[in-house]
Amino acid sequence: MKSQKEIQFEKIYQDHKDKVFRLCLGFMRDPDLTKDLFQEILIKIWRNLDSFKGESEISTWIYRIAYNTALTFSAKEKKKEEKNSEIPDHLDFAEPENKISETENQLQLLYSAISELPKLDRVIATLLLEGSPYKMISEITGISENYVAVKVNRIKATLTQKLNPQTHGN
């Protein structure tokens, strides 16, 4: 028989796994590291589940853990990357070409452009694409709702410029 904690965790996982995974995509460019980060976040949610006091929405609590874990994880990976930068990068492991639809191609271009944004902007863009309200984005990132709105406008302008450079004089 499952414990109350296991039942609660399974519900959290089912309800929030896609959004948390997309948040991971906003931080990590490497698919394997994205999966590692996702697993790390799930472990932290499990370990801290008993400490959730209900002072905020469960989704805000989850995304705050995800955001903080992603910041720490990406900082560690950056340090590893810097140490490994001396390794020759001359081997090219090309991935097989797959047929993808135009919509999938556009989504890949969008996520590629998002991945080039600064970390905070990537997180905001990812949360926004998930339909998160400014208030939740504010609580997760620790910036004011007004500043979230300013950042969203700047992010939209930057992404528009990246995705349509010919219309913006670049």
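Take the sequence shown: its position 92, counting from 1, is numbered 96 in the working numbering, and each next residue is one higher.
C-beta atoms are modelled at their ideal positions from N, C-alpha and C, and glycine is treated no differently.
Keep in mind the model is a prediction, meaning the values are calculated, not measured.
Can you give me the Cβ contacts of threonine 107 inside the same chain, cut-off strictly under 6 Å, excluding the 5 residues immediately before and after it? none
Going by other Cβ atoms of all chains shown within 10 Å of its Cβ, with 16 needed for buried, is isoleucine 222 buried or exposed? This structure cannot speak to residue 222, because the chain is shown only from 5 to 174.
Taking only three categories from DSSP, how would you classify proline 35? helix
CB of isoleucine 11 within 8 Å of CB of isoleucine 49, strictly: no
Isoleucine 144 - containing alpha helix (DSSP H), residue span: 138–145
In or out: asparagine 168 buried (at least 16 other Cβ within 10 Å) or exposed? exposed
Can you find the residues in the same chain that come closer than 8 Å, C-beta to C-beta, to isoleucine 69, ignoring five residues on each side of it along the sequence? Ile45, Lys48, Ile49 and Asn52
Relative to the C-alpha of threonine 162, which candidate in Ala117, Leu133, Thr145 and Leu75 has its C-alpha closest? Ala117
Burial state of threonine 73, where buried means 16 or more other Cβ atoms lie within 10 Å: buried
Tell me the start and end of each unbroken alpha helix (DSSP H) in the segment 19–72 that is at least 4 residues and wholly inside, in chain order. 35–52
Backbone secondary structure at lysine 6 - three-state DSSP: coil
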